[in-house]
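Residue numbers (the working numbering), protein chains in the order written: chain A, 1 to 393; chain B, 1 to 266. Virtual Cβ for every residue (Gly too), placed ideally from N, Cα, C. Just so you know, these numbers come straight off a predicted model, no measurement behind them.
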């Protein structure tokens, strides 16, 4: 217990199931997080991500399955016997102790000799050593957050657990803290397991993101991989927005698979499709679409949809978001296009006739089919999370 | 006109209320200095003998000591048990939790005379001798409810993740309790202790039923009132009054000093 590996330790979850009276929070979860990585568990409220974190910390016991830290089975051990520390969502700073007392707490419980000096060092790392004598109630939200972080990393745990640590901060401060957290992780080299419902936060900070839904991991990979090649409907919609189209596979030509949607043939790289037969849902990200005011010539390697009508234009600063519909082809759902603002203002106005095209390479095919009528389902992470952010168990 | 009249009305009303409140206390304090011969009803002249010879009447002194003993022991037991119950009620879900809550409120709602009579007949039935031990047991019984209510309010306002943080930061269950839970509950426990001591110290009705030949101060004064209360009783009453006032002032001063210190630090 005295000396933890400075590079952190592997975390391995084997066949974890956790049931509470009335519902199953986690189902048959297998997960390995390599030492030294910054790993994010991303999902909506109630998806089981916080429960997973609490299982690792020892604050909950799995119904079945095992938890291994650095190869050692810790399933049966109590929280204070695990080389793991948590930054709680509410920070959970002890109000009756000074900042210094808070940071020293873990060191003193383990009987570390120079607890005071080490605590100050950790406070220096988060640039709060000048406030060591204060009480937590005298600090701002951002400062409390950093004290909570210092209190955890001062112990050099094999694994640092972060439970939505930035949720209570305002947007600007959250951005700053994201960068700071990442810098600190690089500096101390510990294994970070970060739980969040904020897809942008997960993508900015983590090396590897696992998207969780209903107690299962839907997909795991680097942020770029998850975004560019989502494998399931949930990932395609939870991580950014997607334009999704459902149709039948009609042919395979070379490296591409042809899917017919509402009489239009679209090519998708076969390697980027999870299924290549029957009814499939394919998609493309809104920023990959080109908005054209004239019908272009058909070209190899480019998918074309149109004519379409612009129904809504919203200016968001760096880009403009266009909503389009296909009045002449009711089988095609409405779609969304993000165009970078290379000129001042919108390129077209609502009501304009447009064509949409995108490079075949950018398409992807999902493992599960979209439910009829909801093929255009753009779920932004923040919408789903704000409503029930507190209800996570 | 009406404004001025209303102002006067409030002033007169306040004076009357305070007079009614303070006259008996003032009387008690004043007559602790009375040079009483046989009865302490008529003013016979100023003397300090009652204060200097505080234990001249051994019965008063003994009764006072018994009351302090009962109050302290009952408070310690009631606070220990009540705090444990309060934490259990807040932190854990278990069968009969709601039933237990109602049961805990029963002693507060039941008239003391009924409780006292009931306890008395139970003790007789069981053949238990009535003495200070039975008094303490009875006091613990009715104080527990007040402790649970007071401490539970405090415990419910605590963020459960504070204790989880303690466990997470290598604190064993005992360390988490003494270093995190207990200090955070302490204001509630202190309030509960003051309340139960006050309740125990001046309880007469239940005490009278379960004390047998043992005498506490309220019981002694009640009995003595028939023949004439010795001035030493006034001395003890005044003493308690001044101690209570001093305690309140000390708490206020300490609070003000702490606020000042925090303000300066902030």
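What does residue i reach in chain A if we use C-beta pairs closer than 9 angstroms?
| i | result |
| --- | --- |
| residue 164 of chain B | 54, 57, 59, 79, 86, 88 and 92 |
| residue 184 of chain B | 94, 95 and 96 |
| residue 175 of chain B | 80 and 109 |
According to the neighbour-count rule (16 or more other Cβ atoms, all chains shown, within 10 Å of its Cβ), is residue i buried or exposed?
| i | result |
| --- | --- |
| residue 282 of chain A | buried |
| residue 19 of chain B | exposed |
| residue 1 of chain A | In this prediction, residue 1 of chain A scores a pLDDT of 37, lower than 50, which makes its location untrustworthy; the coordinate-derived value is nonetheless stated afterwards. It counts as exposed. |
| residue 205 of chain A | buried |
| residue 26 of chain B | exposed |
| residue 91 of chain A | buried |
| residue 98 of chain B | exposed |
| residue 93 of chain B | exposed |
| residue 387 of chain A | For residue 387 of chain A, the predicted model reports a pLDDT of 35, less than 50, meaning its position is unreliable; a value from the coordinates is still stated below. Its Cβ having fewer than 16 others within 10 Å, residue 387 of chain A is exposed. |
| residue 277 of chain A | exposed |
| residue 376 of chain A | Caution applies to residue 376 of chain A, whose pLDDT of 41 falls short of 50 and renders its modelled position unreliable; the value that the coordinates give is listed next. Buried. |
| residue 198 of chain A | buried |
| residue 16 of chain B | exposed |
| residue 23 of chain A | exposed |
| residue 163 of chain A | buried |
| residue 381 of chain A | Residue placement at residue 381 of chain A cannot be trusted, given a pLDDT of 36 that sits under 50; what the coordinates show is reported in the next sentence. With 16 or more Cβ atoms within 10 Å of its Cβ, residue 381 of chain A is classed as buried. |
| residue 142 of chain A | buried |
| residue 238 of chain B | buried |
| residue 150 of chain B | buried |
| residue 129 of chain B | exposed |
| residue 55 of chain B | exposed |
With DSSP as the reference, identify every bridge partner of residue i, one or two as the case may be.
| i | result |
| --- | --- |
| residue 269 of chain A | A/256 |
| residue 37 of chain B | Residue 37 of chain B is not bridged to any residue. |
| residue 221 of chain A | A/209 |
| residue 85 of chain A | A/160 |
| residue 18 of chain A | A/26 |
| residue 69 of chain A | A/11 and A/72 |
| residue 321 of chain A | A/314 and A/338 |
| residue 237 of chain A | Answer is none; residue 237 of chain A lacks a bridge partner. |
| residue 251 of chain A | A/258 |
Confirm, please, whether the CB-CB distance from residue j to residue i is below 8 angstroms.
| i | j | result |
| --- | --- | --- |
| residue 355 of chain A | residue 289 of chain A | no |
| residue 117 of chain B | residue 215 of chain B | no |
| residue 87 of chain A | residue 69 of chain A | no |
| residue 166 of chain A | residue 177 of chain A | yes |
| residue 136 of chain B | residue 80 of chain B | no |
| residue 230 of chain B | residue 57 of chain B | yes |
| residue 291 of chain A | residue 331 of chain A | no |
| residue 259 of chain A | residue 248 of chain A | yes |
| residue 269 of chain A | residue 154 of chain A | no |
| residue 104 of chain B | residue 145 of chain B | yes |
| residue 202 of chain A | residue 42 of chain A | yes |
| residue 241 of chain A | residue 319 of chain A | no |
| residue 211 of chain B | residue 78 of chain B | no |
| residue 169 of chain A | residue 53 of chain A | no |
| residue 103 of chain A | residue 147 of chain A | yes |
| residue 243 of chain A | residue 284 of chain A | yes |
| residue 300 of chain A | residue 353 of chain A | no |
| residue 69 of chain B | residue 132 of chain B | yes |
| residue 47 of chain B | residue 35 of chain B | yes |
For a contact defined as C-beta to C-beta under 7 angstroms, what are the partners of residue i on chain A?
| i | result |
| --- | --- |
| residue 172 of chain B | 80 |
| residue 211 of chain B | Within chain A, no residue comes near residue 211 of chain B; the closest Cβ sits about 41 angstroms away, beyond 7 angstroms. |
| residue 157 of chain B | Under the 7 angstroms cutoff, chain A gives no residues; its nearest Cβ is about 11 angstroms from residue 157 of chain B. |
| residue 90 of chain B | Result: empty, since nearest Cβ-Cβ is about 17 angstroms, beyond 7 angstroms. |
| residue 161 of chain B | 88, 90 and 92 |
Can you name the residues of chain B whose CB is closer than 7 angstroms to the CB of residue i?
| i | result |
| --- | --- |
| residue 105 of chain A | 169 |
Could you work out which residues of chain A lie near residue i, taking near to mean beta carbons separated by less than 8 angstroms?
| i | result |
| --- | --- |
| residue 72 of chain B | Ordered by position in chain A, no residue passes the 8 angstroms Cβ test against residue 72 of chain B, which lies about 26 angstroms from the chain. |
| residue 190 of chain B | The contacting residues do not exist; residue 190 of chain B stays about 14 angstroms from chain A at best. |
| residue 180 of chain B | 94 |
The stretch 227-247 of chain A / the stretch 360-369 of chain A touching (three or more Cβ pairs under 8 angstroms): yes
Validate contact between the stretch 34-43 of chain A and the stretch 8-21 of chain A using beta carbons, cut 8 angstroms, 3 pairs: yes
Any 3 or more C-beta pairs closer than 8 angstroms across the stretch 210-223 of chain A and the stretch 24-31 of chain A: yes
Segment contact, 8 angstroms Cβ cut-off, at least three pairs: the stretch 185-195 of chain B with the stretch 203-218 of chain B: Segments in contact, no.
The stretch 162-171 of chain B / the stretch 70-82 of chain A touching (three or more Cβ pairs under 8 angstroms): yes
Touch test, the stretch 128-135 of chain A against the stretch 145-157 of chain B, Cβ-Cβ under 8 angstroms, three pairs minimum: Too few Cβ pairs lie closer than 8 angstroms, so no.
Segment contact, 8 angstroms Cβ cut-off, at least three pairs: the stretch 125-132 of chain B with the stretch 176-188 of chain B: No, the stretch 125-132 of chain B does not touch the stretch 176-188 of chain B.
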